[in-house]
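J.: Numbering (the working numbering), first residue to last: 50 to 161.
Dumping the structure here so I can ask a few things about it.
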């Protein structure tokens, strides 16, 4: 990640990044990066995650019980300043594209 950022590329890191495991790395990345850095946290209730998961092509890859084991509500990294994206964050908040568009817009990656 540092290499790509240092060479002028944008990086979008997405995944289940537990605060206790990845927090220091994310804080260090934020501190060491000389450019703009934006952090977003998808804050969705577990039951809503189940509903959304059923619509994904990967729906058969893991179960709701797997998801229950992974779930940590509002697992924010202290001091990182994540922007919360909640289930009710707009009329089309359930759309993955709406979330992606919001991240692109708020991070300044899209300029018209």
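Note that beta-carbon positions come from the ideal geometry of N, C-alpha and C, so glycine has one too.
Under DSSP, the beta strand (DSSP E) around residue 89 begins and ends at which residues?
T.: Position 40 of the chain shown, counted from the start, is the residue given in the question as residue 89. Counting along the chain, the beta strand (DSSP E) containing residue 89 begins and ends at 89-92.
J.: May I ask you to report which of helix, strand or coil DSSP gives residue 108?
T.: Translated into the one-based positions of the chain shown, residue 108 becomes position 59. Coil at residue 108, not helix or strand.
J.: Sort 77, 70, 116 by Cα distance to residue 97 and report the nearest one.
T.: Here the question's residue 97 lines up with position 48 in the chain shown. When only C-alpha atoms are compared, the closest one is 116.
J.: Can you tell me where the beta strand (DSSP E) holding residue 132 begins and where it ends?
T.: Taking the first residue of the chain shown as position 1, residue 132 is located at position 83. First-last of the beta strand (DSSP E) with residue 132: 132-135.
J.: In the structure shown, what three-state DSSP assignment does residue 99 receive?
T.: Residue 99 sits at position 50 when you count from the first residue of the chain shown. Reduced to three states, the DSSP call for residue 99 is helix.
J.: Relative to the alpha-carbon of residue 69, which residue among 109, 106, 128 has its alpha-carbon at the smallest distance?
T.: Residue numbering aside, residue 69 sits at position 20 when the chain shown is read from its first letter. For the residues 109, 106, 128, the minimum Cα distance to residue 69 belongs to 128.
J.: Quick one: grab the DSSP three-state call for residue 83.
T.: To locate residue 83, count along the chain shown from 1; it is residue 34. Of the three classes helix, strand and coil, the one that applies to residue 83 here is coil, per DSSP.
J.: Could you tell me the boundaries of the alpha helix (DSSP H) in which residue 52 lies?
T.: Reading the chain shown from its first residue, position 3 is the one you call residue 52. Its alpha helix (DSSP H) spans residues 51-55.
J.: For residue 63, does the three-state DSSP call read helix, strand or coil?
T.: Taking the chain shown and counting its residues from 1, the one referred to as residue 63 is at position 14. Note: residue 63 maps to coil in three-state DSSP.
J.: What's the C-alpha gap between residue 50 and residue 137?
T.: Residue 50 sits at position 1 when you count from the first residue of the chain shown. Residue 137 sits at position 88 when you count from the first residue of the chain shown. Going from the Cα of residue 50 to the Cα of residue 137 covers about 31 Å.
J.: Considering only residues of the same chain and omitting the five flanking positions on each side of residue 121, which have a CB-CB separation below 7 Å?
T.: Taking the chain shown and counting its residues from 1, the one referred to as residue 121 is at position 72. 67, listed in sequence order.
J.: Give the C-beta separation of residue 153 and residue 90 to the nearest angstrom, bearing in mind that I take them to be a contact with Cβ-Cβ under 8 Å.
T.: As a position in the chain shown, residue 153 is number 104, starting the count at 1. As a position in the chain shown, residue 90 is number 41, starting the count at 1. With a Cβ gap of about 16 Å, residue 153 and residue 90 do not count as contacting.
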